[in-house]
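Going by the UniProt record's numbering, the sequence shown opens with residue 1, and the numbers climb by one from there. Input: a single structure, listed below in structure tokens.
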Amino acid sequence: MDRSETAAHFDSRAAAYARDDWHVRYAERLVELAGLVPTSRVLDAATGTGFAAMAAARAVGPTGEVVAVDISAGMLAQAERLGSGVDNIGYVVADVSRLDDFADASFDAVICSAGMLYLPVERVLPVWHRLLRPGGLIGFSAMRAGFPVLARVFRACAAEFGVDLADPMAELGTEQRCMEALARAGFTGVRVVAESVTLPRTDEATLWQLHSRSPHYPELRTLGLGALTSLEARFVSEARRIVTRDAATSLTAPVLYAFGHRP
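Structure (structure tokens):
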């Protein structure tokens, strides 16, 4: 995935993302399960608008420190605004797969909430391993493969127009894949907690914008305007039908919280 495109995508989403309550709950649950302790120094990788960073700052207390890193300056601007008055968070614009400015073994924990699907997993995990002190904790969240439901519906609709879109959740979309990825990067004591989150009901026009402009789906650029318009109509119709039939099921997403330690 092109990093500049990813940054631009999240710059454009920053204001709306900052109002997304389900991401707050998702991030806070990751921090809760991580069991961060006071005085710890924590790296929040791909912090977005800083929900996990703020939860981590509360957990480590005034004697601890959180460094919130994101490739999107727009997201970090929102994070700084939301975290105004929180003194133990620092914000850094950087690619979390290239953190050469940080010293080896300089963090007690690295967390990443809702960001792994946008990152090169096999590259970032060894980088974060290097940054952790011996015994240090890594924790990240991921959705189960095939979810959210409406993302799966979008890909199925695209396939009807001859466009095969990969599931961005697939790489870490099972307990086994999470554990294997952490083990390959050298982490031990790996554990995965499976839970679920409830997504907000979103109007179909916004859903279309989110999916059609996703940096995961560059293949959509092969479609002409007429085909895109037809795909939009097909997706909107199908999404409306599914949510109307069973909103509770279609808006529930199973998630995974994965943890490990640097030996």
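Heads up, the beta-carbon is just placed ideally off N, CA and C, and yes, glycines get one too.
The residue among C157, G135, A253, G186 with its C-alpha nearest the C-alpha of H211 is C157. Counting the other CB atoms within 10 Å of its CB gives E171 a total of 16 or more, which places it among the buried residues. Just so you know, the alpha carbons of L231 and A105 end up roughly 49 Å apart.
The shortest C-alpha to C-alpha distance from E238 to any of A159, L150, E219 is the one to L150. Taking each of A8, A77, F140, L33 in turn and checking the Cα distance to L43, the smallest one comes out for F140. Restricting attention to alpha helix (DSSP H) runs no shorter than 4 residues, the stretch 169-203 encloses them at 175-184, ordered along the chain. Under the Cβ criterion (8 Å, minimum of three pairs), the stretch 177-191 does not count as touching the stretch 245-254.
Beta-bridge analysis with DSSP links H261 to L137, T188. One thing to note: S40 has its Cβ within 8 Å of the Cβ of V60.
The alpha-carbon separation between T174 and Q78 amounts to approximately 32 Å. Sequence-distant Cβ neighbours of M116 in its own chain, meaning closer than 7 Å and more than five residues away, are F140, A142, L172.
If you draw a straight line from the Cα of I242 to the Cα of G146, it comes to about 15 Å. Cβ neighbours of A181 within its own chain (closer than 7 Å, five residues either side excluded): V121, L125, L172. Per the coordinates, the alpha-carbon of F107 lies some 17 Å from the alpha-carbon of L30. Restricted to the UniProt domain "Methyltransferase" (42-136), the beta strand (DSSP E) segments that are unbroken, complete and at least 3 residues in length are 65-70, 89-93, 107-112, listed in chain order.
When the Cα atoms are used, D164 and V92 turn out to be separated by approximately 36 Å.
Where R245 is concerned, the enclosing alpha helix (DSSP H) starts and stops at 225-245. Under DSSP, V163 takes part in no beta bridge, so it has no partner. Secondary structure note for Y26: its alpha helix (DSSP H) is the uninterrupted segment 21-34. Approximately 4 Å separates the beta-carbon atoms of A27 and S113; this is inside 8 Å, confirming the contact.
Residue environment for D203: exposed (fewer than 16 other C-beta atoms within 10 angstroms of its C-beta).
Listed in chain order, the non-local C-beta contacts of R144 below 6 Å within the same chain comprise G173, P254, local neighbours out to five positions each way being set aside. Counting only the Cα atoms, A159 lies some 26 Å from P200. In its chain, beyond the 5 residues on either side, D44, T47, V66, A68, I89 have a beta carbon closer than 6 Å to the beta carbon of A53. A residue is called buried when at least 16 other Cβ atoms come within 10 angstroms of its Cβ; D70 meets this threshold and is buried. Shown here, L251 sits in coil according to DSSP, grouped into three states, outside any helix or strand.
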